[in-house]
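>
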Amino acid sequence: MHHVSYCLSIASGSGRTLIFEDEGNKWAYNVQWNEIFEQITNCSYLENVKPFLPIPIYSEPGQSDRIVFLDRRWDMCRVMKRELPHAPEVAPSEIKDFLLENHPNPPLWFLGQVLNHEIKLILKF
Numbered sequence: 001m002h003h004v005s006y007c008l009s010i011a012s013g014s015g016r017t018l019i020f021e022d023e024g025n026k027w028a029y030n031v032q033w034n035e036i037f038e039q040i041t042n043c044s045y046l047e048n049v050k051p052f053l054p055i056p057i058y059s060e061p062g063q064s065d066r067i068v069f070l071d072r073r074w075d076m077c078r079v080m081k082r083e084l085p086h087a088p089e090v091a092p093s094e095i096k097d098f099l100l101e102n103h104p105n106p107p108l109w110f111l112g113q114v115l116n117h118e119i120k121l122i123l124k125f
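To convert, note that position 55 of the sequence shown is 55 in full-length UniProt numbering; the numbers rise steadily by one, no gaps.
(1) Between which two residues does the alpha helix (DSSP H) containing residue 96 stretch?
(2) How is residue 19 classed by DSSP in three states: helix, strand or coil?
(3) For residue 10, name the three-state secondary structure that DSSP assigns.
(4) For residue 46, report the span of its alpha helix (DSSP H) as first-last.
(5) Out of 21, 57 and 46, which has the shortest C-alpha to C-alpha gap to residue 32?
(6) Taking the straight line between their C-alpha atoms, what separation do you get for residue 107 and residue 113?
(7) By DSSP's criteria, residue 57 is part of a beta bridge. Which residues make up the other side?
(8) Look up residue 30 in the DSSP assignment and say whether it is helix, strand or coil.
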């Protein structure tokens, strides 16, 4: 969950769309992405990412490449030999003042709302 929220934060802060690699088939756990997260766009790895392979690795918010691969943070730090910039604030600037009046950490609150929207509960009876 931490890595997904970090990737979502980077995608939002850099104006990009988060697309899970290979529709989540390579995830290290015993479930796939679509078993935990609702698809909220019509983006498809096969149609919107695969034609652009190989994809450059994300290096900074101002990177001009529109499609970038965001590897695990610790792997990226090891390869790049430096720490990545912190995850950008994801609270929309249009409502930041309103949020500041009602919550001490608007980016954290907003990220929680986005994750809450995307996570689907799987009820097993």
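Cβ coordinates follow ideal geometry from the N, Cα and C atoms, glycine included.
It should be emphasised that the depicted structure is a prediction, and the values quoted were computed from it without experimental measurement.
Quick look at the numbers:
(1) To locate residue 96, count along the sequence shown from 1; it is residue 96. Counted as a single uninterrupted DSSP element, the alpha helix (DSSP H) harbouring residue 96 occupies residues 93-102.
(2) Counted from its first residue, the sequence shown places residue 19 at position 19. Correct three-state label for residue 19: coil.
(3) One-based indexing of the sequence shown puts residue 10 at position 10. Helix.
(4) In the sequence shown, counting from the first residue as 1, residue 46 sits at position 46. Per DSSP, residue 46 belongs to the alpha helix (DSSP H) from 45-48.
(5) The count along the sequence shown starts at 1 and reaches residue 32 at position 32. Nearest to residue 32 by alpha-carbon distance, out of 21, 57 and 46, is 21.
(6) To locate residue 107, count along the sequence shown from 1; it is residue 107. To locate residue 113, count along the sequence shown from 1; it is residue 113. Cα atoms of residue 107 and residue 113: separation of roughly 10 Å, rounded to the nearest angstrom.
(7) Along the sequence shown, read from residue 1 onward, the residue named residue 57 stands at position 57. Note: residue 57 sits in a beta bridge opposite 69.
(8) Taking the first residue of the sequence shown as position 1, residue 30 is located at position 30. Judged by DSSP in its simplified three-state form, residue 30 adopts coil rather than helix or strand.
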